[in-house]
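Counting in full-length UniProt numbering, the sequence shown runs from 1 upward without gaps.
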Amino acid sequence: MASLSLRVLQQRNASLSLERKNIEKFQIISIGKAVNPTETPVKEKHVRNAIISTYQDKSGSIFWTFILRQPLQENQIVAWKFCHVLHKVLREGHPKVINDSQRYCSKLEDIGKLWQHLREGYGRLIQLYIRLLITKLDFHKRNPRIPGNLQVTAEELEAIGENDINIYFQMSVEMFDYMDDILNLQHAVFGSLDMSRSNSMTPCGQCRLAPLIPCIQDASQLYDYCVKILFKLHGALPADTLAGHRDRFSKQFQELKSFYNTIKHMQYFKHLITIPSLPENPPNFLIQAELRTYVTPIVVLPPEESLDSETVVDSLIDTSDTSSLPGDQLDSTRNGSISPDALAERDSLIDHLHQENGRQRQELHKLLTDHQHIVGELRNRVLDLESAVSAKGNEIVQEKQTNQEITKQKEDALIQIQEVKEKNRILEEKFQKLKDIYSKLREEHINLIRKKAEVHKQLGGVKIQQEQSERRAVEAEQRLQELIQGQATAEQEAQRVAQARAELDDVRKEFDAAKTQNLALVAKIDFIASEKAVVEGNLHDLLAQKEELDQKLINLESETERWRNQMKTDADTALFEIILSCIYESESILQHAMHMIDNPAITAVTCTPDYLRELINPTLDSLDDLDVQYSNYVSDVTKGKALIRSTTHASYMLALYLIHAKSTSNTATDIVLGDSLADECKQLGSQGLMMLTYIKEKSPMTREQIINVKNQSKKISTMSEQLGNAKGNVEVIGELVENELLSMDKAIEETAKRIQDMLDKSRAADSGIKLEVNGKILDSCTELMKCIRILVKKSSLLQKEIVDQGKGTASATEFYKRNHQWSEGLISAAKAIAMGANFLLEAADKVVAGSGKFEQLMVASQGIAASTAQLVVASRVKANRNSNNLTALSEASREVTQATASVVATAKSCSQLVEETEDLDISGLTLHQAKRLEMEAQPYDVIIINWMVTMTLSVSAM
Numbered sequence: 001m002a003s004l005s006l007r008v009l010q011q012r013n014a015s016l017s018l019e020r021k022n023i024e025k026f027q028i029i030s031i032g033k034a035v036n037p038t039e040t041p042v043k044e045k046h047v048r049n050a051i052i053s054t055y056q057d058k059s060g061s062i063f064w065t066f067i068l069r070q071p072l073q074e075n076q077i078v079a080w081k082f083c084h085v086l087h088k089v090l091r092e093g094h095p096k097v098i099n100d101s102q103r104y105c106s107k108l109e110d111i112g113k114l115w116q117h118l119r120e121g122y123g124r125l126i127q128l129y130i131r132l133l134i135t136k137l138d139f140h141k142r143n144p145r146i147p148g149n150l151q152v153t154a155e156e157l158e159a160i161g162e163n164d165i166n167i168y169f170q171m172s173v174e175m176f177d178y179m180d181d182i183l184n185l186q187h188a189v190f191g192s193l194d195m196s197r198s199n200s201m202t203p204c205g206q207c208r209l210a211p212l213i214p215c216i217q218d219a220s221q222l223y224d225y226c227v228k229i230l231f232k233l234h235g236a237l238p239a240d241t242l243a244g245h246r247d248r249f250s251k252q253f254q255e256l257k258s259f260y261n262t263i264k265h266m267q268y269f270k271h272l273i274t275i276p277s278l279p280e281n282p283p284n285f286l287i288q289a290e291l292r293t294y295v296t297p298i299v300v301l302p303p304e305e306s307l308d309s310e311t312v313v314d315s316l317i318d319t320s321d322t323s324s325l326p327g328d329q330l331d332s333t334r335n336g337s338i339s340p341d342a343l344a345e346r347d348s349l350i351d352h353l354h355q356e357n358g359r360q361r362q363e364l365h366k367l368l369t370d371h372q373h374i375v376g377e378l379r380n381r382v383l384d385l386e387s388a389v390s391a392k393g394n395e396i397v398q399e400k401q402t403n404q405e406i407t408k409q410k411e412d413a414l415i416q417i418q419e420v421k422e423k424n425r426i427l428e429e430k431f432q433k434l435k436d437i438y439s440k441l442r443e444e445h446i447n448l449i450r451k452k453a454e455v456h457k458q459l460g461g462v463k464i465q466q467e468q469s470e471r472r473a474v475e476a477e478q479r480l481q482e483l484i485q486g487q488a489t490a491e492q493e494a495q496r497v498a499q500a501r502a503e504l505d506d507v508r509k510e511f512d513a514a515k516t517q518n519l520a521l522v523a524k525i526d527f528i529a530s531e532k533a534v535v536e537g538n539l540h541d542l543l544a545q546k547e548e549l550d551q552k553l554i555n556l557e558s559e560t561e562r563w564r565n566q567m568k569t570d571a572d573t574a575l576f577e578i579i580l581s582c583i584y585e586s587e588s589i590l591q592h593a594m595h596m597i598d599n600p601a602i603t604a605v606t607c608t609p610d611y612l613r614e615l616i617n618p619t620l621d622s623l624d625d626l627d628v629q630y631s632n633y634v635s636d637v638t639k640g641k642a643l644i645r646s647t648t649h650a651s652y653m654l655a656l657y658l659i660h661a662k663s664t665s666n667t668a669t670d671i672v673l674g675d676s677l678a679d680e681c682k683q684l685g686s687q688g689l690m691m692l693t694y695i696k697e698k699s700p701m702t703r704e705q706i707i708n709v710k711n712q713s714k715k716i717s718t719m720s721e722q723l724g725n726a727k728g729n730v731e732v733i734g735e736l737v738e739n740e741l742l743s744m745d746k747a748i749e750e751t752a753k754r755i756q757d758m759l760d761k762s763r764a765a766d767s768g769i770k771l772e773v774n775g776k777i778l779d780s781c782t783e784l785m786k787c788i789r790i791l792v793k794k795s796s797l798l799q800k801e802i803v804d805q806g807k808g809t810a811s812a813t814e815f816y817k818r819n820h821q822w823s824e825g826l827i828s829a830a831k832a833i834a835m836g837a838n839f840l841l842e843a844a845d846k847v848v849a850g851s852g853k854f855e856q857l858m859v860a861s862q863g864i865a866a867s868t869a870q871l872v873v874a875s876r877v878k879a880n881r882n883s884n885n886l887t888a889l890s891e892a893s894r895e896v897t898q899a900t901a902s903v904v905a906t907a908k909s910c911s912q913l914v915e916e917t918e919d920l921d922i923s924g925l926t927l928h929q930a931k932r933l934e935m936e937a938q939p940y941d942v943i944i945i946n947w948m949v950t951m952t953l954s955v956s957a958m
């Protein structure tokens, strides 16, 4: 019974080993087909096979084992397809693939650094894709609860955030970084497309565009989570704290919408993916109610062809052949002597697999049903949203009509104000006339009052005279009575009485005249009093009208002031909106310039440092003018028109300066200095965008930021002067050419002498196979150095001929200065040949001493041959095609090539000779070590069979 159990265990182990071998074979075939060097898109079935293998292996170890064997650092197409396949495997493969892949981040960084130096083709795209993959791995490392496909429910997102604002804040920043890498990659892909040769319907164009599909899936999920997280953050933190988050989200929203719109119009993607539609404007996170109207964007992929269930079963159970069954199992199968327990166990395993297959079918059917239900609900939701959009459109039209009516009412109000002003002017004129009349009447009234006072004064004098006359009359009557009574004295007083009567008659006449004059004066006073009453009545009416007009005038002035304030407010609002539009346009100008900097196509554009130096002063002047106009705008809002002009001009000058600075960096011979200048250009663009943001927000740090932008511009100008200084070394390039050529001749001659010395020493000290190997190696190296010396001499003759033909009356040094780029090529080739000679000498020395490898010698010979090829190409650039020296140089180049091939062939043959004649000494090994060495020398299949036979014999012995 124990023997039977052990036999079953052996059968299982053999089956697992065979299954493992089949998985590895299946994986290496799928990966090889997926990342082939043909410029066509990766086939989905090959990627799917790689993904299935990760589930069979339950890890990513086999995938990484075979993917790293591909020529990732030799072929750019293979590296580009590798990035696409790795992205798909990280998204859809086994969950442990992400953890296994995180150990290879340094390898990915090395691949990205290698390909970033390739200016043409896929170099820039591979670098950006590698950066995106590293960002994805880092994101999952910080958030291990988020799967590779980024699909989590709202409840799972709440659990990941742990209701902690700090976690949400950090997660949003990481998602923004993830989204930036996706958008940078798509910008570079579209920027590298040549629509005349590599559009979306050509294989080369589809090869570039195919990786954008998983990028679209990641971007849609990241956008959804960013919206939900930002609403949570705005519900818990002040709005000012999250201003940077809103600005960054708004920028990514516009770029993502442009990305989706570009994809929608490409024929290649129409049947591969359904792009979600984003709203016209980003969500307003300051209004929490908008979260209820937010619609999650859903990316829909067409359903893949379902695998046949029997094929799945066949992939799980190997029923192809019994020839691979080891040992006793094969014999028992042939003899028909399988035990009942083994048959029962096999039947139970088959039943279990059938049940598992049925369960998976039911789950698949359920998933398809749920998917169709969700699609139906989404379609209904889309119809509802379309109806809502149409309703919103009608409301917008109504709002426009209302706005037009309000504008018309404003115009009518302005006309009414003009009419009221005209009426007010007419009333003012009438009031002025009435005021003049009132003044005249008042003057006349005062004069009449004065005359009345004089008349009263005269009347008082007349009354006094009348009283005196009456008193005299009384006295005269008394005297008359005395005269009558005293008749005795009448005669004496007769004359006096007659005289008194005459005086009395005169007094009576004067009294009657005064009384008549008094009556006339009283009548005149009554007439004047009646006229005064009439004038006072008219004056009272005029005063009442004046008060009414004053009240109307006050109401009109208040109404006019209100309309004036409203119009001023509307004008200020319109001016501020125009300023914002101007700033947004300025930001788009700078963003376009920054996208142009990242565009691989601009690497072919160049600009001289002198021309860039001429642009720095206009740029700084535009920034100074922007500083002044912004200060004026802060103190007086009405001076915003000048700010609009200065902002647009400064943004244009900055964008122009950025593009020319990037073009200047392309001329740098020092790659590090050129990359540093390009990075400073990106820094200048970022600071310019920050400056515009501060202007838009009226931040107190605006002027300080303008100063930072000016300092950054000056820094770029200083670095461009360093480029100019580096180019100033052209003055000494003539002497460098001659010195380097002399150094190259000396290095070749010294190498030839050293090789000859080593050959002499080997002949004196060695014997047998070692002498034969060293002799062949050193002879082939000596022959190679002779050919190289002949080629160098021919090259020197050709260069002398070129200099004599091109220098004219100038010296050779002046000719090298004028053609400094060609001269630099000669210097580079000479240095490479000298270094290659030293490397060849070191490799030969190590091989002869027995401490080196023949492969090093091959590499050294091929390297020096490549350096001589560079010298030949540099010499051919300016040579006459009919030159005899050029013909001789070409013949010498072919001899160098043949000599190099001879060195390589000699090294290979010597390596085989050494391996064949070398005896393996196993006298000092133990039995276990000797057996292990024997097994390692055997093929893998033979080791497995021997192990099974050994185990079987051991069990039989027990």
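Using N, Cα and C, we set each Cβ at its ideal position, and we do this for glycine too.
CA-to-CA distance, residue j to residue i, given in whole angstroms
i, j, result
"Ala601", "His649", "26 angstroms"
"Arg124", "Val634", "44 angstroms"
"Lys228", "Leu278", "15 angstroms"
"Lys96", "Leu68", "18 angstroms"
"His46", "Leu383", "38 angstroms"
"Leu325", "Lys25", "Summary for Leu325: the model assigns pLDDT 39, below 50, so the residue's position carries little reliability, and this model does not support an answer."
"Ala834", "Met266", "53 angstroms"
"Arg703", "Ser59", "56 angstroms"
"Asp675", "Thr664", "11 angstroms"
"Thr751", "Ser30", "49 angstroms"
Residue i, DSSP secondary structure in three states
i, result
"Thr608", "coil"
"Val877", "coil"
"Val300", "strand"
"Thr274", "strand"
"Ser348", "helix"
"Trp80", "helix"
"Gly393", "helix"
"Phe285", "coil"
"Arg359", "helix"
7 angstroms Cβ shell around residue i - same chain, five flanking residues per side excluded
i, result
"Cys215", "Ile182, Leu185 and Gln186"
"Lys662", "Ile597, Ile602, Ala678 and Cys681"
"Tyr225", "Leu157 and Met175"
With 16 other Cβ atoms within 10 Å as the buried cut-off, status of residue i
i, result
"Ile130", "buried"
"Ile449", "exposed"
"Met858", "buried"
"Ile922", "Unreliable positioning characterises Ile922 in this predicted model, as indicated by a pLDDT of 49, which lies under 50. The coordinate reading is nonetheless provided below. The residue in question, Ile922, is exposed, as its Cβ has fewer than 16 Cβ neighbours within 10 Å."
"Val375", "exposed"
"Glu155", "exposed"
"Asp550", "exposed"
"Gly235", "exposed"
"Phe527", "exposed"
"Leu778", "buried"
"Ile415", "exposed"
Same chain, Cβ closer than 8 angstroms to residue i, neighbours up to 5 away in sequence not counted
i, result
"Arg471", "none"
"Val709", "Leu623, Leu654, Leu684, Gln687, Gly688 and Met691"
Cutoff 6 angstroms; reference residue i; Cβ partners in own chain excluding five residues on either side
i, result
"Lys786", "none"
With three or more C-beta pairs closer than 8 angstroms as the rule, is the stretch 104–113 touching the stretch 160–172?
Judged by Cβ distances under 8 angstroms, the stretch 160–172 makes no contact with the stretch 104–113, as fewer than three pairs qualify.
Counting Cβ pairs, one atom from each stretch, are 3 or more of them under 8 angstroms apart for the stretch 679–687 and the stretch 715–723?
The stretch 679–687 is in contact with the stretch 715–723.
Across the stretch 353–364 and the stretch 262–282, are there enough close Cβ pairs to call them in contact, namely three or more that are closer than 8 angstroms?
No, they do not touch.
Would you say the stretch 81–91 touches the stretch 560–576, given that touching needs at least three Cβ pairs under 8 angstroms?
In short, these stretches do not touch, since the Cβ pair count stays below three.
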